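Engineer: Mind looking over this structure? Questions follow.
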Amino acid sequence: MKNQVTPYLIFDRKAKDALAFYAEVFQAEITDLQTYGEADFPTPEEANDLVLHAKIKKGDMLIMVSDTFPGNPLEVGNNVSLVLECESDSEIQHLYDAMCEKGLSLMELQDTFWGAKYGKVKDQFGVQWDLNFTK
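To convert, take the position in the sequence shown, counting from 1, and add 9; that gives the working numbering.
Take a look at the structure:
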């Protein structure tokens, strides 16, 4: 097993918006974008423009994204949080500010007892992020 877990985020008809947002926030590129309409299996016509699979990449960071298949309900909850280990004070501040703009701060960005700057955010798509910068 590799030493990295790749998060796979699933959205209800909002994957393209999420891809654009995350690509901008992380200054990353969107790759391997495929819609259900491009799939080699039958799909309902209303799913043609929905994202079957895509990746957001920057350096070693990889996030996979898709829309849920029509008819499969999506339940957004607080059972998943993604941890980002930041490389600088300016990076963690940028990510925190960008995600809070249309999202919600669950824990203010602050110095912690474990020697890091840390904040927790729920972004505009309901995804929770733990932002950590070990000093």
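Quick reminder that beta carbons are idealized off the backbone N, C-alpha and C, glycines included. Please read these numbers as outputs of a predicted model, since none were measured by experiment.
When the distance is taken between beta carbons, is Leu104 closer than 8 Å to Leu93?
Structural biologist: Translated into positions along the sequence shown, residue 93 becomes position 84. Translated into positions along the sequence shown, residue 104 becomes position 95. Yes, the Cβ-Cβ distance between Leu93 and Leu104 is below 8 Å.
Engineer: Counting contacts by CB-CB distance shorter than 8 Å, is Arg22 in contact with chain E?
Structural biologist: Included in the structure is just one protein chain, with no chain E present.
Engineer: Looking only at DSSP bridge pairs, what is Glu38 linked to?
Structural biologist: Counting from one through the sequence shown, the residue named residue 38 turns up at place 29. In the DSSP output, where bridge partners are listed per residue, Glu38 has Lys66.
Engineer: How would you write the range of the alpha helix (DSSP H) that Gln102 sits in, first residue to last?
Structural biologist: The residue you call residue 102 lines up with position 93 of the sequence shown. From DSSP, the alpha helix (DSSP H) with Gln102 extends over Asp98 to Lys111.
Engineer: Please confirm whether Ala56 and Ile39 have their CB atoms less than 8 Å apart.
Structural biologist: Start at 1 with the first residue of the sequence shown, and residue 56 comes out as number 47. Start at 1 with the first residue of the sequence shown, and residue 39 comes out as number 30. Cβ distance not < 8 Å, so Ala56 and Ile39 don't count as in contact.
Engineer: In the DSSP assignment, find the beta strand (DSSP E) that holds Leu83 and state where it starts and stops.
Structural biologist: Residue numbering aside, residue 83 sits at position 74 when the sequence shown is read from its first letter. First-last for Leu83: undefined, no H or E at that position.
Engineer: Note the first and the last residue of the continuous beta strand (DSSP E) segment covering Leu140.
Structural biologist: The residue you call residue 140 lines up with position 131 of the sequence shown. Gln137 to Thr143 is the span of the beta strand (DSSP E), which, as asked, contains Leu140.
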